[in-house]
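J.:
Numbering (this note's numbering), first residue to last: 7 to 95.
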């Protein structure tokens, strides 16, 4: 089977976003520090930090990396058909 269920797709997206946040931790913290104590002004005061966070996150969550993750998941699932869900690292 070469398709993912909706649950598998959601799980892969959550795992990938969590990994992206770990990998981009320093820039996320810089954005959070900038945004701390701000409300409306965060839109213009922290726009440079937000752009850096978005550029970092897109490395992991763009369509191309997500497709590679799906292929790896399907490969692992095919190798271990008895396993409930392959673990991606």
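By construction, the Cβ of each residue, glycine as well, lies at the ideal position given by its N, Cα and C atoms.
Among 57, 40 and 66, whose alpha-carbon lies nearest the alpha-carbon of residue 25?
T.: Of the candidates 57, 40 and 66, the one whose C-alpha sits nearest the C-alpha of residue 25 is 66.
J.: Determine the extent of the alpha helix (DSSP H) in which residue 69 is found, giving its start and end residues.
T.: 69-85
J.: Work out the CA separation of residue 69 and residue 35 for me, nearest whole Å.
T.: 25 Å
J.: If you draw a straight line from the alpha carbon of residue 33 to that of residue 58, how long is it in whole angstroms?
T.: 7 Å
J.: What runs of the alpha helix (DSSP H), each 4 residues or longer, lie entirely inside the region 26-76?
T.: As far as the region 26-76 is concerned, its whole alpha helix (DSSP H) runs of at least 4 residues are 31-41, 48-51 and 53-67.
J.: Is residue 10 helix, strand or coil when you go by DSSP?
T.: coil
J.: Grab me the residues of residue 51's own chain with a C-beta within less than 7 Å of its C-beta, minus the 5 sequence neighbours each way, in chain order.
T.: 40 and 44
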